Each structure stands twice: as C-alpha cells, then as structure tokens.
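Going by the working numbering, 367 is the number at position 384 of the sequence shown; the sequence numbering is gapless.
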Amino acid sequence: MNSRVLKHFRIAVLAILSIMLANCSGGGDDNPETGGESQTNEVKTQRFTIVTLSPKTTASSDATYSWSVANVSSENYSLTNLSSKEALFAAAAEGTYAFNVVITDKGTTQTQKVTVTVSAEAKELKSFIAKVFEFKPAPGQFVNDLPVANDGDTADRVLGRANSYLAKKNGDLISLGAFGGYVVFGFDHSIVNVKGKRDFRVLGNAFWAEANPNPNAEFRGGSSEAGVIMVSYDKNKNGLPDDEWFEIEGGGHKMAKTIRNYEITYHRPDPNKVPVPGGGTGSVLFTDTEYIYWKDNQGKEGYIVQNNAYNHSLDYWPKWLKDQATITFKGTRLPDNAVDESGNGSYFVQYAFLYGYADNAPNNDDDSAIDIDWAIDNNGNKVQLPAIDFVKVYNGLNQQAGWLGETSTEISGATDLHLLGENIPTR
-16 MNSRVLKHFR
-6 IAVLAILSIM
4 LANCSGGGDD
14 NPETGGESQT
24 NEVKTQRFTI
34 VTLSPKTTAS
44 SDATYSWSVA
54 NVSSENYSLT
64 NLSSKEALFA
74 AAAEGTYAFN
84 VVITDKGTTQ
94 TQKVTVTVSA
104 EAKELKSFIA
114 KVFEFKPAPG
124 QFVNDLPVAN
134 DGDTADRVLG
144 RANSYLAKKN
154 GDLISLGAFG
164 GYVVFGFDHS
174 IVNVKGKRDF
184 RVLGNAFWAE
194 ANPNPNAEFR
204 GGSSEAGVIM
214 VSYDKNKNGL
224 PDDEWFEIEG
234 GGHKMAKTIR
244 NYEITYHRPD
254 PNKVPVPGGG
264 TGSVLFTDTE
274 YIYWKDNQGK
284 EGYIVQNNAY
294 NHSLDYWPKW
304 LKDQATITFK
314 GTRLPDNAVD
324 ESGNGSYFVQ
334 YAFLYGYADN
344 APNNDDDSAI
354 DIDWAIDNNG
364 NKVQLPAIDF
374 VKVYNGLNQQ
384 AGWLGETSTE
394 ISGATDLHLL
404 GENIPTR
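1. Please check the pair Val99 and Val175, which I expect to be a contact at CB under 8 Å, by giving their CB distance rounded to whole angstroms.
2. Using the C-alpha atoms, what's the distance from Ile112 back to Ala74?
3. Could you pull the DSSP bridge partners for Arg181 from this structure?
4. So what does DSSP say about Asn6, is it helix, strand or coil?
5. Which of the three DSSP states is assigned to Thr392 in this structure?
6. For Leu400, which residues in the same chain have their Cβ closer than 7 Å to its Cβ, ignoring the five residues on either side in sequence?
7. Which whole-angstrom value is the C-beta distance of Thr392 and Glu208, which I expect to be below 8 Å?
8. Are there three or more Cβ pairs, one per stretch, closer than 8 Å when the stretch 283 to 293 is compared with the stretch 223 to 242?
9. In or out: Val131 buried (at least 16 other Cβ within 10 Å) or exposed?
10. Would you identify the three-state DSSP class for Gly123, choosing helix, strand or coil?
11. How many Å lie between Ile33 and Thr248 at the Cα?
12. From what residue to what residue does the beta strand (DSSP E) around His236 run?
13. Within a Cβ cutoff of 7 Å, which residues of the same chain sit near Lys119, ignoring the five residues on either side of it in sequence?
14. Near His250, what residues of its chain come up, given a Cβ to Cβ distance below 6 Å and the 5 sequence neighbours on each side ignored?
15. Is it buried or exposed, Lys283, if we count other Cβ atoms within 10 angstroms and call 16 or more buried?
16. Strictly by DSSP, which residues pair up with Asp372?
17. Would you give the residue range spanned by the alpha helix (DSSP H) that Val259 belongs to?
18. Give the secondary structure of Ser147 by DSSP, where H, G and I count as helix, E and B as strand, and everything else as coil.
19. Would you check if the distance between the CB atom of Asp342 and the CB atom of Asn188 is smaller than 8 Å?
20. Tell me, please, which residues DSSP counts as bridged to Ser215.
21. Answer yes or no: do Pro301 and Pro122 have a C-beta to C-beta separation smaller than 8 Å?
22. Using DSSP with H/G/I as helix, E/B as strand and the rest coil, what is Gly328?
23. Should Val115 and Phe170 be called a contact, given that it needs their Cβ atoms to be closer than 8 Å?
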C-alpha cells in the first residue's frame, strides 16, 4: 500500500471513529433521555404579564415534570402548574427569577434550568379598572339610578354608562340590585397572585355602625351588603372574559346556611297591578309589599318590597328590560346577615362576613382585600392561579332589611394592590 492510499485510509478511519464517539456522547445538553445537567433556557418578559415556561425536550408523553425554585430576586411572583411540562409565571417586581425543572422519562432523569428576566412595563399601567364587559343587575331600588337609566335606553347604552362610572381612578357607585345581579370588568394587565399576600380590592360603600344596641354581637357590622367575587385569567389570550371562572371562597362560604347553586327568577311587575301598601318606618313607607315576585330553586317564593324613600326611583325593574318578562340568576347564596337590633324595625345591622367579598367591609379595612389563593373551582376544590385578568361581582344575599329594602351590593371600582405597593398579609 503506497503512502497516499494509506493516508486516505487513516483519514477515513478517524472520521468513522469521530462519528461513533459523538453518538456515544449523546449530546447531553439536548437529549433528556441521557440524564445529566441540561442547558439554561432564558425568557424575557415584563411585570404583570403571564408567561409560559417550558424546558427544551423531546421526552415522551409519559414523562413527568417537577418545577422548583433555584434563585429569585424578589418574592413578589407566582409560579403554578409545578407538575406540568409548562409552568405559568408572573411577577409584580423586576428582577431575575431562576427555576429548575426535573424531567423523568423512561427511567432517566434530567434537570434543566429556566431563567426569567423581568423588566419594567413599556407602557404605564392602570391600578384601576380598564373596562366593564357586562352589567346585568337584578331588580332593586337603585338599579335605574346607579348608573342612571332612562326610558328608551338600550342595554349597550347602560353598559357604556356603567363603564364610565367604574373605569377610572375614582369611580362612582353602581348598584347590582337584589340577589344575583352582577358586573364583569377587567384590567390592562394581569394581577399577580403573590404567595402570602392579598392581591386586589373591590371598592364599595360598606361602613361600620357607629353604635350597636347588641353589645354581644359576634361579628363586626353596619352596612355590609356582600357581593360574591369570581376571577378568571385570559388563558386563550383573546382579551375577553370567556375563559373558566373561579369563585373566591370567603368566610361566608363556610357557614352552615350558605346555599351553593342557588337560582332565583324575578317576574316583571304588571304596570297595571294594584299596589299592596303595608306600613313603614318613620318617613319611609312600604308602597307595595307585593311589588316584584320571585321564586327560587329551594321551593321558596316572595316579593321585593317597594318603598318610597326619597333617594331612589320607584321603578325597580331595569328600564332597558321593559319587554322582558323574567330574569334568572344563579350563584352562591350567603346566609342572611341583617338583624333588627332595635326590635321595632327602626335599626338594622348588617353583619359582615369575616373576609372575601365586595361591599362587605370598608375600603380601608384589610378584610376588603382579596387573596387570589382563595379561589375554588365548581366542585369547591382549591385552585392555583398565576394571576387574574377579569373579575365578576354578584350580589350574594337575598333578603329584605325592613325600611332599608332589599340588600343590594354596590361597587365603585377595583384596585391592584401590588401595583399600588400595598402589602397586606393574607389570612
């Protein structure tokens, strides 16, 4: 064999050996089946934004995943879906957040690191409501006043008016009417579910009583007209509140007389019916004790009573629904909380539930603030949400409180506590 042929033979052998060695090494940084430490994946995002974190892997569909914290520059973040291939992350603070994900597949294990760099948002965010998507109050004293509704108004026009009341820094009150009436609104960013802290507050007009004839009252009380809160995040990223809703489980949810899956139907009053007056208290008279008939799915029925208090319309049925014969609402009904502490109908105290509702405690009270971790699914199971984009509030009470009339939740806005820099520990 001459030297030129021998030289080419050696080159061919070396090439074959190189290929074999490369195959044996397995490219450990890219193939999780071989085990060992993988490359770091880097993600960049802005504050108050939900992002999906995932490892780079070709693991089989039977692989398992376990996410854990490696190193974070702030505790003001959320990481959920810890046993899934795709974890969900959101942060309320700038900084660097590093996480490990252990991938186990076919008896082999690999660890990858995912690092998230969070920067300040490019556009200034609003700490308050950005848009009202739905406004569907039940009949009530203030339904055609808060916001104002006129004869001939359409549902869209009233919705626009509700938006003008709430979508601003200092909002105006809207009324949700009797049980079930609701409003749906959203923010221009995601409110982060920070562990151990309350995340947002729905503003109302609740207040504590200056005096209570009952010195042995178990709960704080005054004007507490609890609205049940539901939350959702924009999972399909279309900017609309059409994803799954989760209910905030407040203190009242755990009480024995709470009724889940409660349903009530209101019947539009006949404008030609003869009123059935029935006394009153002080200057407030009951002009029709059989004004708006209702029936529920618990076998109960009754009426919303009309009174002549000077500060509201005598028309309780939504004017934009004048041609609709009935309205039906569903939800969790909380126990009645209004007590006639005077014994003669002159002084009612509406006792607040411990936590977790709108218009239940004054706006400057810690228990008007909500922790997203209180969310539950339709079966009552706790859920872990990375953040929320939308909120629904509905009246959770079906009761008459004497001359005060039906209990009706009022709200005037909502705020992101993290964006405002408020630090309220959770219960």
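Just so it is clear, CB atoms sit at the ideal spot from N, CA and C, and this is done for glycine as well.
Please read these numbers as outputs of a predicted model, since none were measured by experiment.
Here's the rundown:
1. In the sequence shown, the residue the question calls residue 99 occupies position 116. In the sequence shown, the residue the question calls residue 175 occupies position 192. About 13 Å separates the Cβ atoms of Val99 and Val175, ruling out a contact at the 8 Å cut-off.
2. As a position in the sequence shown, residue 74 is number 91, starting the count at 1. As a position in the sequence shown, residue 112 is number 129, starting the count at 1. One C-alpha to the other measures close to 19 Å.
3. Here residue 181 corresponds to residue number 198 of the sequence shown, with the count starting at 1. Paired residue(s): none; Arg181 is not in a bridge.
4. If you number the sequence shown from 1, residue 6 lands on position 23. Confidence at Asn6 is low in this model, with a pLDDT of 40, below 50, so its placement is unreliable and the value that follows should be read with caution. Residue state for Asn6 is assigned as helix, using DSSP reduced to three classes.
5. Here the question's residue 392 lines up with position 409 in the sequence shown. Of the three classes helix, strand and coil, the one that applies to Thr392 here is coil, per DSSP.
6. In the sequence shown, the residue the question calls residue 400 occupies position 417. Once the five neighbours on either side are set aside, the close Cβ partners of Leu400 are Arg181, Asp182, Phe183, Arg184, Ala352 and Ile407.
7. Along the sequence shown, one-based indexing puts residue 392 at 409. Along the sequence shown, one-based indexing puts residue 208 at 225. Sure, about 5 Å apart at Cβ, within 8 Å.
8. The stretch 283 to 293, when compared against the stretch 223 to 242, does not touch it at the 8 Å Cβ threshold.
9. Translated into the one-based positions of the sequence shown, residue 131 becomes position 148. Here Val131 is exposed. Its C-beta has fewer than 16 other C-beta atoms within 10 Å.
10. Numbered from 1 along the sequence shown, position 140 holds the residue referred to as residue 123. Reduced to three states, the DSSP call for Gly123 is coil.
11. As a working mapping, residue 33 is identified with position 50 in the sequence shown. As a working mapping, residue 248 is identified with position 265 in the sequence shown. Between Ile33 and Thr248, the C-alpha separation is close to 38 Å.
12. In the sequence shown, the residue the question calls residue 236 occupies position 253. Looking at the DSSP string, His236 is not in any beta strand (DSSP E), and its letter there is neither H nor E.
13. Residue mapping note: residue 119 aligns to position 136 of the sequence shown, counting from 1. So the list reads Gly164 and Tyr165, once near-sequence residues are dropped.
14. Stepping through the sequence shown from its first residue, residue 250 is reached at position 267. Within the same chain, His250 has close Cβ partners Tyr276 and Thr309.
15. In the sequence shown, residue 283 corresponds to position 300, counting from 1. Burial state of Lys283 is exposed, judged by a 10 Å Cβ sphere holding fewer than 16 other Cβ atoms.
16. Within the sequence shown, numbered from 1, the residue matching residue 372 stands at position 389. In DSSP, Asp372 forms no bridge with anything.
17. Counted from its first residue, the sequence shown places residue 259 at position 276. Where Val259 is concerned, there is no enclosing alpha helix (DSSP H), given that its DSSP letter is neither H nor E.
18. Within the sequence shown, numbered from 1, the residue matching residue 147 stands at position 164. Assigned with DSSP and collapsed to three states, Ser147 falls in helix.
19. Taking the sequence shown and counting its residues from 1, the one referred to as residue 342 is at position 359. Taking the sequence shown and counting its residues from 1, the one referred to as residue 188 is at position 205. Contact flag set, yes.
20. Here the question's residue 215 lines up with position 232 in the sequence shown. Looking at the DSSP assignment, Ser215 forms a beta bridge with Phe373.
21. Along the sequence shown, one-based indexing puts residue 301 at 318. Along the sequence shown, one-based indexing puts residue 122 at 139. In contact: Pro301 and Pro122 (Cβ atoms closer than 8 Å).
22. For this step, residue 328 is matched to residue 345 along the sequence shown. In the structure shown, Gly328 falls within a coil segment according to DSSP collapsed to helix, strand and coil.
23. As a first step, residue 115 must be located in the sequence shown, where it is residue number 132. As a first step, residue 170 must be located in the sequence shown, where it is residue number 187. Here Val115 is not near Phe170, since their CB atoms are 8 Å or more apart.
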